Amino acid sequence: MDRRDFLRLSGVAGSGLMLGFFLKGGTEVFASQAPAGFSPNAFLRIAPDGAVTIYAHKPEVGQGVRTSLPMIVAEELGIDWKQVTVLPTDLDPAYNVLGMNQSAGGSTSTPQTYEPLRRMGAMARTLLIAAAADTWKVSASECTVADGQVLHRASGKSAPFSTFVAKAATLPVPDPKDVVLKNPKDFTLLGKWISGVDNPKIVTGQRLFGLDVKVPGMKYAVYEKCPVFGGKALSANLDEIKALPGVVDAFILEGTPNVRGHVPGVAIIADSTWAAISARRQLRVTWDEGKFANQSWTGFTTQAKELAAGAGRSLRKDGDPDAALNGAVKVVEAQYSYPFISHATLEPMNCTAEVKGDKVEVWAPTQNPASGQTLISEVLGVPKENITVHMIRGGGGFGRRLIGDFMVDAAAIAKRAGVPVKLTTTREDDMRHGMLRPGGFHFLKGGVTTDGKIAGWKNHFVTFAAGGQVGSGGSLNPAEFPARFLSNYEAQQSVIETNIPMGPWRAPGSCVFSWVIHSFIDELAHAAGKDPYQFRMELLGTEELVGAGASGPGSAPPYNAARMRGVLKLAAEKIGWGRSLPRGRGLGIAFHFSHRGYVAMAAEVTVSQAGALRVDRVVAASDVGYQIINRSGAEQQVEGSVVDGLSAMWGQELGIEKGQVVQGNFDTYPLLRMQDSPPVIESHFLLSDNPPTGLGEPVIPPVPAAVCNAIFAACGKRVRTLPLIRNDLRWS
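When we follow my numbering, the leftmost residue of the sequence shown carries the number 53, and every step to the right adds one.
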């Protein structure tokens, strides 16, 4: 029996209470006892014996939503967490209600689902209380729930949920807008440290991830793409490959124009992954490398300087920056640059697919199953409703799994094979053909006044585009800090056209813009002779909201300067800002608003005279609303963001030569090692009267700037080029 059949039967067996969102005639409806033959894929099920199952409908890629989101339901239901079983779901339109969906990206899972999932739990609680009140002939207003029991304190009566599920299932389902939510002061679960529901399987090596999927009759595939972006296969030694041991088939796929990532290549299908990879080593392909075969990072650098010397597309202009800079007491000019990088998920992209006529079944560790389903529909010409997507846990995502190219590749190969096929990309495949974080160049000019304020700021940003589309996160937001806080500000943007596939990397745009902005702010603070922390506090001003009611270029929701001042002050206090340190040791500070979160970060580093860097301590202060869902998960997100941010800035880059990526594995693309990780990472949360948001992205942007500013404080070396290993930090 598969999970879908189990739900169909369990939803009607006994007198279980099942609540779930589903669509009927385009109207949002709630269902109790599921009718025969219909499975709404409920968020919550209470079995006749009182067993509680909560369904985690969002993709899990290590961010913890398979634990945190069911916790929201459990809190409102009033059940002991130890009594809850959490199960994942497949992709199902039933979950596209009340503003929710089944994607996981942009730190949207918490803000998107917090209130709807509370109402899900509250509806079940309301029905159970009503059933108990009717049974006991008392007022429902006199009843409460706790730890899976309904209580009537006046009479001393209590009974477990199992006593009332049969009757509750027959009661009219209340409108979700009418249920009463718990007062947060009465929460007993949210805000606690809760271990991830998958942890036992992870630490014991049980089948859980995409690479663990096994389907009867399954074959294994690899897919060779042209080393040069945009190239395609003209011919290959296919007959030789087919004759190799264990090889089932080998063929050229043409790819599909305008379908993101589904590019031409050569597929090899075999009886095992090893046989497929071994055969691939003997593959000889004649490629048409296309028009981008001579592009290189060196060429990009030259082109960027040429573009910056001219006029770019105007993004925003306030006041008269040129006049302000001419009147400045000190002017600073700087060029900042950062490379393309990989998502480097520890589990490379993989997908298992089976195509039977006009039916497709997919097992994918994806962050965006609906997008992958749509791409498969476009390429294979199969109606979306005929494509089943099983959402498998992914070994890291960071935005890479938002793009469904690996799902389309697997489905296209499986269609040709006529049997289930697991497509596995190697580390080299993923690094050289992933959706790269765009590189970029910033040409900055700023000045300060005699009283130590910023007189004017100019930024000519040179970014990359493929097919005329700027890479994800590669377009400068005209409302980006500090634009709103300056009277004289100008931002321009120029584009280098290439064919490099680009996609969202944690906190797209913000992950690099924060480093550029706060490094340059630090430069201006030193030019003004001001303390970097005080300089930022003065820049943030004294108003609560900045930009309220703004319109025109760069208009955006108001920037809550009060929230940012709060976390900035907290980070400075926790790091011990202002204390005297010997040469070679330094403090740095930065902040950034990203994905609804206000985060400030302070770092303490040591730089030896030989130029060796040690990050001694990092303090993160975050304002992500009035409720931390899972304290354990939240702290892990902060610590992971710090480590990932350091790893990306320290040694990671994808060099481009002759139109292709130079690096291929972790020997040339180093991840941060344990000995280089900060021994102390502190997570501090400043609760505010604002809706809760996610933490996967807001924390990462300030990391590089805080560390680089600390490096300057320690040894006087300003880092303007990433990765760090490209800089000489020696001092005497």
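Note that the Cβ used here is the ideal one computed from N, Cα and C, for glycine as well. Just so you know, these numbers come straight off a predicted model, no measurement behind them.
By the C-beta criterion, the segment 568-586 is judged not to be in contact with the segment 401-410, since fewer than 3 inter-stretch pairs fall below 8 Å. Note that the C-beta distance between T515 and Q347 is not below 8 Å. Residue environment for L233: exposed (fewer than 16 other C-beta atoms within 10 angstroms of its C-beta).
Non-local C-beta neighbours of F450 in its own chain, meaning closer than 7 Å and more than five positions away in sequence, comprise H395, T397, W557 and R558, ordered along the chain. In this structure, P722 and G703 form a Cβ contact; the two beta carbons are roughly 4 Å apart against a cut-off of 8 Å. Burial check for V138: the Cβ neighbour count within 10 Å reaches 16 or more, so the residue is buried. Inclusion of L774 and I763 in the CB contact set at 8 Å is not warranted, their separation being larger than that value. Measuring C-alpha to C-alpha distances from T215 to each of W245, A198, A183 and D199 identifies A183 as the nearest. Leaving aside the five residues that flank V337 on each side, the residues in its chain whose CB is nearer than 7 Å to its CB run, in chain order, E276, A285, A288 and V318. Short of 7 Å from the beta carbon of P122, and not among the five residues preceding or following it, lie these beta carbons of its own chain, in chain order: I106, A108, V136 and V138.
By the criterion of a C-beta distance shorter than 8 Å, G262 is surrounded in its chain by E399, N402, C403, T404, W415, A416, P417, I444, R445, G446 and G447, once the five residues flanking it on both sides are discounted. Rounded to the nearest whole angstrom, the C-alpha separation of Q419 and T745 is 18 Å. A Cβ-Cβ contact shorter than 8 Å links L576 with G498. Annotated three-state conformation of N612 is strand, per DSSP. Residue burial annotation: I681 is buried, with at least 16 other C-beta atoms found within 10 angstroms of its C-beta. Per DSSP, reduced to three states, the secondary structure at F458 is helical.
When only Cα atoms are considered, R170 and C767 end up about 51 Å apart.
In this chain, M487 is not harboured by any beta strand (DSSP E), its DSSP state being neither H nor E.
Look at the beta carbons and you see the segment 505-514 not touching the segment 433-440: under three pairs across the two are nearer than 8 Å. Nearest in C-alpha terms to H485, of all of F493, I552 and H204, is I552. According to the DSSP assignment, A174 belongs to the alpha helix (DSSP H) that extends over S161 to W188. When secondary structure is reduced to three states using DSSP, S394 falls in the coil class, being assigned neither helix nor strand.
Just so you know, the alpha carbons of N717 and M726 end up roughly 18 Å apart. For the options M459, Q688 and E595, the alpha carbon positioned closest to that of L432 is the one of M459. The three-state reading of DSSP puts I293 in helix, counting H, G and I together.
Cβ contact annotation for G748 (same chain, cutoff 6 Å, sequence separation greater than five): Q115, S159 and Q689, in chain order. Collapsing the DSSP output to three states places E306 in coil. Rounded to whole angstroms, the gap between the alpha carbons of R332 and V274 is 8 Å. Non-local C-beta neighbours of E341 in its own chain, meaning closer than 6 Å and more than five positions away in sequence, comprise V280 and G283, ordered along the chain.
Secondary structure in the segment 704-774: the alpha helix (DSSP H) runs of 4 residues or longer, each lying completely within the stretch, are 754-767 in chain order. Note: Q387 is bridge-paired with F495 in the DSSP secondary-structure output. If you draw a straight line from the Cα of Q258 to the Cα of P421, it comes to about 23 Å. With 16 or more other Cβ atoms from the protein chains shown falling within 10 Å of its own Cβ, N540 counts as buried. The continuous stretches of alpha helix (DSSP H) do not include N346, and DSSP gives it neither H nor E. The segment 184-192 makes no contact with the segment 145-155, as fewer than three CB pairs between them are under 8 Å. If you check the CB distance, E480 and K626 do not come in under 8 Å.
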